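Per this note's numbering, numbering of the sequence shown is gapless, rising by one per residue and ending at 420.
Below: the structure, in structure tokens.
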Amino acid sequence: MPEPRSPLVAVDLYGTGIHPQSWRRPDSRAEDLFTAGYWTGLLGQADAAGVDLAFLGDSFAIATTGHAEQRGHLDAVAIAARAVAATDRIGLVPTVTVTHTEPFHVSKAIASLDHASRGRAGWQVDVSAGQAQANLFGRKDAQDVDSLWEEAADAIEVVSLLWDSWEDDAEIRDAATGRFIDRDKLHYIDFEGTHFTVKGPSITPRSPQGQSLIVIEAREEHSTRVAAARADVIRIGAPGVEAARQRAVQVRTAAAKAGRDPGSIRVLLDVEVVIAESADAADHDLAQLENWSGTRYEPQSLLHRGDAAGLARLITDVVATGDVDGVTLRPLALASGLEAITAHVLPLLRSDAPVPGRGILRERLGLSRPVNHFAGQD
Numbered sequence: 043m044p045e046p047r048s049p050l051v052a053v054d055l056y057g058t059g060i061h062p063q064s065w066r067r068p069d070s071r072a073e074d075l076f077t078a079g080y081w082t083g084l085l086g087q088a089d090a091a092g093v094d095l096a097f098l099g100d101s102f103a104i105a106t107t108g109h110a111e112q113r114g115h116l117d118a119v120a121i122a123a124r125a126v127a128a129t130d131r132i133g134l135v136p137t138v139t140v141t142h143t144e145p146f147h148v149s150k151a152i153a154s155l156d157h158a159s160r161g162r163a164g165w166q167v168d169v170s171a172g173q174a175q176a177n178l179f180g181r182k183d184a185q186d187v188d189s190l191w192e193e194a195a196d197a198i199e200v201v202s203l204l205w206d207s208w209e210d211d212a213e214i215r216d217a218a219t220g221r222f223i224d225r226d227k228l229h230y231i232d233f234e235g236t237h238f239t240v241k242g243p244s245i246t247p248r249s250p251q252g253q254s255l256i257v258i259e260a261r262e263e264h265s266t267r268v269a270a271a272r273a274d275v276i277r278i279g280a281p282g283v284e285a286a287r288q289r290a291v292q293v294r295t296a297a298a299k300a301g302r303d304p305g306s307i308r309v310l311l312d313v314e315v316v317i318a319e320s321a322d323a324a325d326h327d328l329a330q331l332e333n334w335s336g337t338r339y340e341p342q343s344l345l346h347r348g349d350a351a352g353l354a355r356l357i358t359d360v361v362a363t364g365d366v367d368g369v370t371l372r373p374l375a376l377a378s379g380l381e382a383i384t385a386h387v388l389p390l391l392r393s394d395a396p397v398p399g400r401g402i403l404r405e406r407l408g409l410s411r412p413v414n415h416f417a418g419q420d
């Protein structure tokens, strides 16, 4: 069981909120979705309030419900890159799906983000299921879930090796001899797997974190298996506090079976939130969203519908179990939900603690810097 620590708080920034009808709220800012200011404003707000991590969702799929502006979206890595200059502390974690994306491109994009942010980047790994997404590329047919996550495991291995293909001191910059790089400290990765054959090395030097944070949602057995073996941060879903503790124990046990120290990972519970001044007002807000959609909202994890003080108590209760390190807050309506989280929830959680300082993301999360896979090899 990991040592007790202050709750980690992440936010999930997706569209105008995770409810497909959130764009209809007058405060949704749906008209700004494709502007840089929408994203830098939200991320800057979260950063200033002391949010630890911001997850930026992405997918090749186009939603079939909601307004056109809610169905479309910008590239998550591009959003994170734009937000680097607008933030100082927060971890920036875009989703990059691997099913139709070359791992060499992923490694370069995330490493570049880590350099630009001075060590604040992460990568949320996901897969692209279904024939519709496969048809966008035309290179292969849809894969079953087992094949998708086998490929994802290979992709993570390739990306991690590429991140290590430059040793930390490979750049020597010796002006006198004209040697910029010590070629003995650049390495071919020579990866041969079922899905990829990659020689390497990367064209990007090893980043400030050594290895950027890897995040995976443990949704079912296949993603859980990969998360337990490879992720630094594992997102889980559960309908209640005790169920969250049990699920956290499961993923930590799976990590131990994979040969890892279960205390070396961070487990975050997804909490879907509708925050208002009172429980009645929150019920009214949810009812309005359900009325617009014509269906009852079915949460995928624990749903908090109430005021800020209640959410702060819930987060405290979740972390007090000792097996869950924090939460990922997922507002059904993003603009208003994030305002409540930053203005009213975080001050209750951090009343006796300073806003997290600047610095390397891994260090702030209590995670060690990975040893370079190639260091010391002939």
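By construction, the Cβ of each residue, glycine as well, lies at the ideal position given by its N, Cα and C atoms.
What you are looking at is a predicted structure, and each value in this text was computed from that prediction instead of being measured.
Distance between residue j and residue i (C-alpha atoms, nearest Å)
i: residue 386; j: residue 314; result: 17 Å
i: residue 160; j: residue 125; result: 13 Å
i: residue 240; j: residue 231; result: 7 Å
i: residue 50; j: residue 216; result: 42 Å
i: residue 409; j: residue 184; result: 36 Å
i: residue 170; j: residue 148; result: 15 Å
i: residue 100; j: residue 140; result: 11 Å
i: residue 58; j: residue 211; result: 43 Å
i: residue 277; j: residue 155; result: 22 Å
i: residue 319; j: residue 346; result: 13 Å
i: residue 324; j: residue 350; result: 11 Å
i: residue 255; j: residue 206; result: 14 Å
i: residue 77; j: residue 221; result: 43 Å
i: residue 235; j: residue 164; result: 24 Å
i: residue 412; j: residue 96; result: 22 Å
i: residue 282; j: residue 189; result: 31 Å
i: residue 401; j: residue 229; result: 28 Å
i: residue 108; j: residue 69; result: A caution first: residue 108 carries a pLDDT of 49, below 50, which makes its placement in the model too unreliable to give a value.
i: residue 331; j: residue 64; result: 7 Å
i: residue 287; j: residue 359; result: 10 Å
i: residue 122; j: residue 243; result: 25 Å
i: residue 321; j: residue 355; result: 14 Å
i: residue 80; j: residue 357; result: 27 Å
i: residue 72; j: residue 114; result: 11 Å
Reference residue i; option with closest CA among the options
i: residue 304; options: 325, 319, 273, 327; result: 273
i: residue 187; options: 261, 223, 275; result: 261
i: residue 353; options: 89, 317, 151; result: 317
i: residue 327; options: 52, 225, 67, 405; result: 67
i: residue 172; options: 153, 60, 198, 142; result: 142
i: residue 371; options: 71, 81, 243, 98; result: 98
i: residue 341; options: 393, 48, 62; result: 62
i: residue 119; options: 103, 127, 138, 104; result: 138
i: residue 392; options: 72, 55, 81, 94; result: 94
i: residue 259; options: 405, 227, 280; result: 280
i: residue 250; options: 282, 121, 414; result: 414
i: residue 245; options: 237, 56, 52, 145; result: 145
i: residue 257; options: 247, 263, 268, 248; result: 268
i: residue 116; options: 176, 416, 82, 298; result: 82
i: residue 275; options: 263, 84, 312, 247; result: 312
i: residue 53; options: 375, 218, 405; result: 375
i: residue 416; options: 209, 355, 321; result: 209
Cβ separation of residue i and residue j, assumed to be a contact under 8 Å, to the nearest whole Å
i: residue 329; j: residue 300; result: Between residue 300 and residue 329 the Cβ distance is about 44 Å, and since that is not below 8 Å, they are no contact.
i: residue 203; j: residue 233; result: 6 Å
i: residue 129; j: residue 89; result: 4 Å
i: residue 174; j: residue 384; result: Contact doesn't hold; Cβ gap of about 36 Å is too wide.
i: residue 380; j: residue 389; result: Contact doesn't hold; Cβ gap of about 14 Å is too wide.
i: residue 133; j: residue 344; result: So it is not a contact: roughly 22 Å between Cβ atoms.
i: residue 238; j: residue 200; result: 5 Å
Residues bridged to residue i [DSSP beta-bridge criterion]
i: residue 249; result: 252
i: residue 216; result: 221
i: residue 406; result: Answer by DSSP bridge pairing: none, since residue 406 is not bridged.
Review point. Does the count of Cβ pairs from the stretch 275-294 and the stretch 357-373 closer than 8 Å reach three?
Key: The stretch 275-294 is in contact with the stretch 357-373.
Exercise for review: Kindly confirm or deny that the stretch 306-313 and the stretch 331-340 touch, where touching means at least three C-beta pairs closer than 8 Å.
Suggested key: Using a Cβ-Cβ distance cut-off of 8 Å, the stretch 306-313 and the stretch 331-340 are not in contact, since fewer than three pairs of beta carbons, one from each stretch, lie closer than that value.
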